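Engineer: First to last, the sequence lines map onto chains A and B.
The opening residue of the first sequence carries number 0 in numbering that gives the first Met the number 0; numbering runs sequentially from there.
The opening residue of the second sequence carries number 0 in numbering that gives the first Met the number 0; numbering runs sequentially from there.
This is the structure I have questions about; it appears just below.
Protein chains: 2
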Amino acid sequence: MESIRKSRTVGSGGKSVMGKITIYDIAREAGVSTATVTRVLSGHPSVRADTRERVQRIIDAHAYTPSASARDLEGRSTRTIGIVMPPVINPYFTRLYNAAYEEAQANGYYAALFQMNENQPIRRELVDELIRRRLGGVIFAGNIWSSERSGLKEALERLRNYMPVVAVCPPATQLDCICVHSDLVGCSRLPVRHLHTLGHRRIAFIGGSMRLSDASRRGQNFLEELRALDLPDDPAYHVDCGYDAEGGERAVLRMLTNLDRRRWPTALIAFNDLVALGAMKQLKQMGLRLPEGMAIIGCDNQFFCPYTDPPMTSVDLHPEEMARSAVRELLLSHDGDAKTFSMMRDATLVVRESCGARLGYRKLG
Amino acid sequence: MESIRKSRTVGSGGKSVMGKITIYDIAREAGVSTATVTRVLSGHPSVRADTRERVQRIIDAHAYTPSASARDLEGRSTRTIGIVMPPVINPYFTRLYNAAYEEAQANGYYAALFQMNENQPIRRELVDELIRRRLGGVIFAGNIWSSERSGLKEALERLRNYMPVVAVCPPATQLDCICVHSDLVGCSRLPVRHLHTLGHRRIAFIGGSMRLSDASRRGQNFLEELRALDLPDDPAYHVDCGYDAEGGERAVLRMLTNLDRRRWPTALIAFNDLVALGAMKQLKQMGLRLPEGMAIIGCDNQFFCPYTDPPMTSVDLHPEEMARSAVRELLLSHDGDAKTFSMMRDATLVVRESCGARLGYRKLG
DNA sequence: TATTATATTGTTACCGGTAACATATTACAG
DNA sequence: CTGTAATATGTTACCGGTAACAATATAATA
Chain A
0 MESIRKSRTV GSGGKSVMGK ITIYDIAREA GVSTATVTRV LSGHPSVRAD TRERVQRIID
60 AHAYTPSASA RDLEGRSTRT IGIVMPPVIN PYFTRLYNAA YEEAQANGYY AALFQMNENQ
120 PIRRELVDEL IRRRLGGVIF AGNIWSSERS GLKEALERLR NYMPVVAVCP PATQLDCICV
180 HSDLVGCSRL PVRHLHTLGH RRIAFIGGSM RLSDASRRGQ NFLEELRALD LPDDPAYHVD
240 CGYDAEGGER AVLRMLTNLD RRRWPTALIA FNDLVALGAM KQLKQMGLRL PEGMAIIGCD
300 NQFFCPYTDP PMTSVDLHPE EMARSAVREL LLSHDGDAKT FSMMRDATLV VRESCGARLG
360 YRKLG
Chain B
0 MESIRKSRTV GSGGKSVMGK ITIYDIAREA GVSTATVTRV LSGHPSVRAD TRERVQRIID
60 AHAYTPSASA RDLEGRSTRT IGIVMPPVIN PYFTRLYNAA YEEAQANGYY AALFQMNENQ
120 PIRRELVDEL IRRRLGGVIF AGNIWSSERS GLKEALERLR NYMPVVAVCP PATQLDCICV
180 HSDLVGCSRL PVRHLHTLGH RRIAFIGGSM RLSDASRRGQ NFLEELRALD LPDDPAYHVD
240 CGYDAEGGER AVLRMLTNLD RRRWPTALIA FNDLVALGAM KQLKQMGLRL PEGMAIIGCD
300 NQFFCPYTDP PMTSVDLHPE EMARSAVREL LLSHDGDAKT FSMMRDATLV VRESCGARLG
360 YRKLG
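Next comes the structure, spelled out in structure tokens:
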């Protein structure tokens, strides 16, 4: 009647024997079978009250917690999803991750973060890692699909063989997966129109590396918008730079020193708020007053936007909502139907003082 | 000679059968035993070259990746450590996590982030989760040890029964674990002395909730420092607030409106840069010029410090270094020696323009 | 009280790998 | 050509749980 297995052989050599209490130990001590312990653990109804209580007491006494690996192995999911994105250092991705984490948690899942360098192709190593862990699904975010990354398609296909995949990114390449993306057209249109309305004609765009798809997409949209409004689309009004404040500084310096003062733009649209932050600093350093000397609009509506001087007008792409949608879709597609569709979240322009208008919260479809 | 197990019974009901290739499938297809496949996987030498090649080809063909759970269950570690801290929304913790992630990765480990609300006690649920996953170790960061949290000690003890624990926090309560902490004395001393040197006498401190240990510690240190320099330690010069910019705004408003103008402080030390950011905004809104009207020093030396107006002087606690040390200690203590000691990283004052001095990078022991 | 239905509990075959130990090959010396 | 060492490969017992199925105890019904 007793468990056949010999009691745990503790101490594997000199190594410590941390927390080696198993379900067998509990079963033995309670004088029941492991099946009964499992039943108590899962709250199965057919356990007599006194038995349940006795087993539970022993579980509590040892603070026994069943191993996730063992459970997982047995067939049930680890209730973990993966989120692959650029380092969380960029506050945009911080927000994205945070929202995903909360949404996952609300659904009883854990969101494991995998950070990848934005400029590098997805390493095979990473895909291996994801598969090895047999996650319940993966969300990709960021400029992952940029240019024709070597083996991306294959890697994704392989991954999808193991788990559902959702991407939070511009629907660039045709990918066979659910894709949640931001409104890249609105993201360019909103600030351009806003500035146009305020009377600006020479509008410049700084930021993003054109090698990365969504930056180049944004650049194109920006140009199209300018043309649509009959504004000058001078190539000098477009300077490439990185994603950070330092890039913004450099970009402004480069653009303005290369340009005759009379041709200076009167407004700047930055790839993101970090770039805008750097741009603002450089502009002030060059003696310009903001927003009179130069209007500026950022993107992402970061926490610091209300606190810049002047407070920064910015486009909000609502990463939180995208993250939440992504997680929901991922959990829904859990059964591997391999649905393929994309959904978009509208951009919103949050008007502050950095371009001289003070219209409050303005939402443009 | 063939594998005894019947070939995988695919399709558990109507659910999808994603990536169900196991080591048995590979073994069968290669006409070898699973042991041989394992050998090929682990690079064991005693496999004939042609066998190895044949097996490897099949592994590659199926892009087979062994399950982490199964391996884990068999006894080896998941090579994962956990990092428990407040939401990554606070950029200080972002830096902390990021550095830990990189250090872990450099050692072949994965750093799993567990976010907890700073104001809540560690939920038993969380500890369960950590144990359930049988992590290789856990790092706690943030104000976890604040006040006498119910059951913290017990939870920690239980956790330590399963895995090594390292804390990145002020060594407040006596905890039986390795503790890496920042220089809380220097963190108060550096800015106070700096301001004193610049001739300030009325220095105020805003931020942090006194209920949380490291905030109150900082508050105390601040007062001690004032007294040591014979500066006024008026209680009105100390306003509690949260950890964010909004809290900073409110705190400044509250402090200054409650104070006769002649008694206004001439310098402000903020709990962190976010608080300082809010304070700066409020100060400007009240018509003060910075740094002439009010000097201000933040803490954490966040990425935006060089970009505030004026650029913000700030204390750097070097969270990255603490994170790296924590990870290293954790991996070292892997064998459960249960060492208990604490190590401190010195604080550094990074001088910018927000207090009227421009001395460059100044390090004070 | 015999009998059947029902409530409890136990037995056991996996889950996907790993590695100790057993066995089969091959290589080489005598 | 045979014996033995060295290689290469197979067998099998776990790892810690789960749950289908079997078995037993208890309650309900005839």
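We put the beta carbon where it would ideally sit given N, CA and C, even for glycine.
Quick caveat: nothing in here was measured; it's all calculated off a predicted structure.
Measure the Cβ-Cβ separation of cysteine 354 of chain A and proline 310 of chain A and say whether it is below 7 Å.
Structural biologist: no
Engineer: Going by the beta-carbon positions, is the gap between leucine 194 of chain A and alanine 266 of chain A smaller than 7 Å?
Structural biologist: Yes, these two residues count as a Cβ contact at 7 Å.
Engineer: Closest to leucine 273 of chain A by CA distance: which of B:Ala275, B:Asp24, B:Gln301 is it?
Structural biologist: B:Gln301
Engineer: Provide the residue(s) that pair with phenylalanine 139 of chain A in DSSP beta bridges, ordered along the chain.
Structural biologist: In the DSSP output, where bridge partners are listed per residue, phenylalanine 139 of chain A has A:Val83, A:Ala166.
Engineer: Whose C-beta lies closer than 6 Å to the C-beta of phenylalanine 92 of chain A among residues of the same chain, with five residues either side of it excluded?
Structural biologist: So the list reads Met84, Pro85, once near-sequence residues are dropped.
Engineer: Starting from the Cα of methionine 321 of chain B, find the closest Cα among B:Asp71, B:Ala69, B:Arg94, B:His43 and give me that residue.
Structural biologist: Nearest C-alpha to methionine 321 of chain B: B:Arg94.
Engineer: Taking any Cβ of chain A, which residues in the stretch 194-208 of chain B have a Cβ under 7 Å from it, in chain order?
Structural biologist: none
Engineer: Determine, for threonine 93 of chain A, whether the minimum Cβ-Cβ distance to residues of chain B falls below 7 Å.
Structural biologist: Threonine 93 of chain A counts as touching chain B.
Engineer: Along the chain, where does the beta strand (DSSP E) containing phenylalanine 113 of chain B start, and where does it finish?
Structural biologist: 109-114
Engineer: So with CB distances below 9 Å, who are the chain A contacts of lysine 283 of chain B?
Structural biologist: Asp308
Engineer: Starting from threonine 33 of chain B, follow the beta strand (DSSP E) in both directions and report where the run begins and ends.
Structural biologist: Counting along the chain, threonine 33 of chain B falls outside any beta strand (DSSP E), though it belongs to the alpha helix (DSSP H) covering 33-41.
Engineer: Could you check how far apart the C-beta atoms of methionine 279 of chain A and isoleucine 268 of chain A are, in whole angstroms? I think they sit under 8 Å.
Structural biologist: Rounded, the Cβ-Cβ distance is 13 Å, inconsistent with contact.
Engineer: List the residues of chain B that alanine 62 of chain A touches, going by C-beta distances under 7 Å, in chain order.
Structural biologist: Arg157
Engineer: Taking just the CA atoms, how far does glycine 206 of chain A sit from phenylalanine 221 of chain A?
Structural biologist: 12 Å
Engineer: Taking the DSSP output, what are the residues bridged to histidine 317 of chain A?
Structural biologist: Answer by DSSP bridge pairing: none, since histidine 317 of chain A is not bridged.
Engineer: CB-CB under 8 Å to leucine 287 of chain A, same chain, minus the five flanking residues each way: which ones, in chain order?
Structural biologist: Met293
Engineer: Kindly list, in the order they appear in chain A, the residues whose Cβ is closer than 7 Å to that of isoleucine 88 of chain B.
Structural biologist: What isoleucine 88 of chain B touches in chain A: Thr93, Asn97.
Engineer: Would you say tyrosine 108 of chain A reaches chain B, if we count a Cβ-Cβ gap shorter than 7 Å as a contact?
Structural biologist: no
Engineer: Go through its chain and collect everything with a Cβ distance to glycine 107 of chain A's Cβ below 8 Å, but skip five positions before and after it.
Structural biologist: Arg78
Engineer: What are the boundary residues of the beta strand (DSSP E) that includes alanine 266 of chain A?
Structural biologist: 266-269
Engineer: Using a Cβ distance threshold of 8 Å, determine whether the stretch 125-142 of chain B contacts the stretch 66-77 of chain A, with at least three qualifying pairs required.
Structural biologist: yes
Engineer: Alpha carbon to alpha carbon, how far is tyrosine 96 of chain B from proline 44 of chain A?
Structural biologist: 43 Å
Engineer: Just to confirm my understanding: we take arginine 157 of chain A, look at its own chain, exclude 5 residues before and 5 after, and list those with CB closer than 6 Å. What are they?
Structural biologist: none
Engineer: Tell me whether the beta-carbon of glutamate 224 of chain B lies closer than 7 Å to the beta-carbon of arginine 188 of chain B.
Structural biologist: Result yes, Cβ atoms of glutamate 224 of chain B and arginine 188 of chain B sit closer than 7 Å.
Engineer: Mind checking who serine 181 of chain B pairs with in its DSSP beta bridge?
Structural biologist: B:Arg344
Engineer: Distance check for glutamate 352 of chain B and threonine 256 of chain B, CA to CA, integer angstroms please.
Structural biologist: 26 Å
Engineer: Excluding sequence positions up to five away, which residues of its chain have a Cβ less than 6 Å from the Cβ of arginine 51 of chain B?
Structural biologist: Val39
Engineer: Which of the three DSSP states is assigned to glycine 355 of chain B in this structure?
Structural biologist: coil
Engineer: Taking the continuous beta strand (DSSP E) assigned at glycine 206 of chain B, which residues delimit it?
Structural biologist: From DSSP, glycine 206 of chain B is part of no beta strand (DSSP E); its letter is neither H nor E.
Engineer: Identify each residue in the stretch 255-279 of chain A for which the Cβ-Cβ distance to at least one residue of chain B is less than 9 Å, and report them in chain order.
Structural biologist: Leu273, Leu276, Gly277, Met279
Engineer: Take the Cβ of serine 41 of chain B as the centre, count every other Cβ of all protein chains shown within 10 Å, and call the residue buried at 16 or more, exposed below.
Structural biologist: exposed
Engineer: Please check if any C-beta of chain A sits within less than 7 Å of the C-beta of aspartate 127 of chain B.
Structural biologist: yes
Engineer: Would you report the Cα separation of serine 313 of chain A and aspartate 259 of chain B, rounded to the nearest angstrom?
Structural biologist: 38 Å
Engineer: Three-state secondary structure (DSSP) at glycine 30 of chain A?
Structural biologist: Coil, per DSSP.
Engineer: Taking 7 Å as the CB-CB limit, is tyrosine 23 of chain A close to chain B?
Structural biologist: It does not; no Cβ of chain B falls within 7 Å.
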